[in-house]
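Some notes on the structure that comes next.
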Amino acid sequence: ASQVLDASALRVLQRPLEWLDAAQVSYRRADRITDEAIALLEGRLADPGRPYFLFLNYFDAHEPYLAPPGHEFPSPLAGGSRLRMGLHGSGHSRELRSRHLASLYDAELSFLDGELGRLLSHVERTGELDHTVVVIVGDHGESLWERERWGHGHSLYQSELWVPLVLWEPGGPPGGRSDAPRQLADLMPWILERVGGALPQASRRDPDLQVSQVLGRFDPGPEGGQRSDVYMVREGRHKLIAEASGSELYDLERDPEERHDLAASAPERVAQLEARLAEWRSGGDGQADDARSLDEEERRRLEALGYVE
183 ASQVLDASAL RVLQRPLEWL DAAQVSYRRA DRITDEAIAL LEGRLADPGR PYFLFLNYFD
243 AHEPYLAPPG HEFPSPLAGG SRLRMGLHGS GHSRELRSRH LASLYDAELS FLDGELGRLL
303 SHVERTGELD HTVVVIVGDH GESLWERERW GHGHSLYQSE LWVPLVLWEP GGPPGGRSDA
363 PRQLADLMPW ILERVGGALP QASRRDPDLQ VSQVLGRFDP GPEGGQRSDV YMVREGRHKL
423 IAEASGSELY DLERDPEERH DLAASAPERV AQLEARLAEW RSGGDGQADD ARSLDEEERR
483 RLEALGYVE
């Protein structure tokens, strides 16, 4: 089966949301979020039998990539703990700036990983882990100047699409690893299935987290979003990225970092995948026609989270 994706999947769905107070969406370091989460969990010990859902949004894997003192990684740029050195480092090559950004990003991820461990250790000590479902997921990857791009929401390369997804449940299957494509939208039915919740009728998602063959005439896609002229088709080991300027083809088994474009040397394979894309688009481009616009308050809060510009 082939999977088709357009760049609008990188955008927040334009639907009404229940929001936190604006003061709560500003950048906060992982240790503070973990401290607050532990305090919340301690507070519910007075009623341990009451079910709860705890959602934590860690911001550390976002710019400005400033790990706390003592948690920094060595950087190839002298004196360089600053994001702007990676973006505008005068006289430095793109490769060197990319390595600098990667060191900042990796340090933040390492710090975040430690804080997740601290939180889960607390849950385990209280005995709650034996009846708790744990989901750890990233909502996007990050481009670190590999292709004159920095940040996220700009492309359909693996650096922005390939995100961690860790699922754990008491009595679940032994640990394993899968590189098969998944949809983050399928997390909701997977969680509801395990806690006995009912799936809303409007959510036509498969609770086994399998990405089926995606064709527009069968799957109108999530409501809202933004239209895009950049598409990705993945079939087996091959991945096509198609946009107005042309198509790129990559072999993800041999070239997982997508450094070698095979489009010129494999025109027949490009034509096959472009036909898959044309078939998908002929059934509808996967976007709802009644998408609404964000109001000013929603846009302001999404901007504070870094999801819209």
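The sequence shown begins at 183 in my numbering and counts up by one. The C-beta atom is built at its ideal place from N, Cα and C for all residues, glycine as well. It should be emphasised that the depicted structure is a prediction, and the values quoted were computed from it without experimental measurement.
Would L338 and M414 be called neighbours here (beta carbons separated by less than 8 Å)? The answer is yes: Cβ separation under 8 Å.
Can you name, in chain order, every residue of its own chain whose Cβ lies under 7 Å from the Cβ of D213, other than the five neighbours on each side? Same-chain partners within the cutoff: E297.
Rounded to the nearest angstrom, what separates E417 and G273 at their Cα positions? Roughly 41 Å separates the two Cα atoms.
Note down the Cα distance separating S447 from L223, rounded to an integer number of angstroms. When rounded, the distance between both Cα atoms is 57 Å.
Run through DSSP, which three-state label would G225 get? In the structure shown, G225 sits in a helix (DSSP, three-state: H, G or I).
Going by DSSP, what residues sit across from E324 in a beta bridge? In DSSP, E324 forms no bridge with anything.
Under the DSSP definition of a beta bridge, which residues are partnered with W332? DSSP lists L326 as partners of W332.
So, does the CB of F255 fall closer than 8 Å to a CB anywhere in chain D? The question asks about chain D, but that chain is absent: this structure has only one protein chain.
With a Cβ-Cβ cutoff of 8 Å, do L431 and V452 count as a contact? With respect to V452, L431 sits close: the two C-beta atoms are nearer than 8 Å.
Can you grab the Cα-Cα spacing for the pair Y240 / T308, in whole Å? If I take the Cα positions, the gap works out to 22 Å.
Range covered by the beta strand (DSSP E) that runs through Y432: Per DSSP, Y432 belongs to the beta strand (DSSP E) from 428-433.
DSSP-derived helix/strand/coil call for V452: The answer is helix: DSSP assigns V452 an H, G or I state.
Exposed or buried, what is S325 when buried is set at 16 or more other beta-carbons lying within 10 Å of its beta-carbon? By the 10 Å Cβ count, S325 comes out buried.
Top-ranked residue by Cα proximity to P251, from A460, F293, P356: Cα-wise, what sits closest to P251 is F293.
Burial state of A380 (16 or more Cβ within 10 Å): Exposed, since its Cβ has fewer than 16 Cβ neighbours within 10 Å.
Among A243, E290, I215, I423, which one has its Cα closest to the Cα of F255? Distances from the alpha-carbon of F255 to those of A243, E290, I215, I423 put E290 closest.
Could you name the residues of the same chain whose beta carbon sits closer than 6 Å to that of H334, not counting the 5 residues immediately before and after it, in chain order? Excluding sequence neighbours, H334 sits near H322, E324, E342.
Do you know offhand how far L349's Cα is from P363's? Whole-angstrom Cα-Cα distance: 15 Å.
Residue range of the unbroken alpha helix (DSSP H) whose run includes A289: That run of the alpha helix (DSSP H) goes 276-307.
Can the beta-carbon of R376 be found less than 8 Å from the beta-carbon of E351? Cβ atoms of R376 and E351: closer than 8 Å.
Does the distance from the CB of V315 to the CB of I373 come in under 8 Å? Going by C-beta atoms, V315 is nearer than 8 Å to I373.
Helix or strand or just coil, what does DSSP make of G398? Reliability fails at G398, whose pLDDT of 34 lies under 50, so the model's placement of it is uncertain and no value is given.
For I318: DSSP bridge partner residues: Per DSSP, V348.
Could you check which residue in E456, D312, H420 has the C-alpha nearest to that of S429? Ranking E456, D312, H420 by Cα distance to S429 puts E456 first.
For the alpha helix (DSSP H) that contains Q340, what are its first and last residues? Residues 340-343.
Reference D312, options G231, I220, I423, D361, closest by Cα: If we check each option's Cα against that of D312, G231 comes out closest.
Applying the criterion that 16 or more other CB atoms from any shown protein chain within 10 Å of the CB defines a buried residue, is H420 buried or exposed? Residue environment: H420 is assigned as buried (16 or more neighbouring CB atoms within 10 Å of its CB, all protein chains considered).
Could you tell me the distance, in whole angstroms, from the CA atom of G378 to the CA atom of V345? Their Cα atoms are separated by approximately 27 Å.
Go through its chain and collect everything with a Cβ distance to L444's Cβ below 7 Å, but skip five positions before and after it. L431, Y432, D433, listed in sequence order.
Span of the alpha helix (DSSP H), counted from its first residue to its last, around E245: Counting along the chain, no alpha helix (DSSP H) covers E245, and no H or E run does either.
In terms of residues, what are the limits of the alpha helix (DSSP H) holding L374? 369-377 is the extent of the alpha helix (DSSP H) around L374.
Separation of R279 from D437, as counted between CA atoms: Whole-angstrom Cα-Cα distance: 22 Å.
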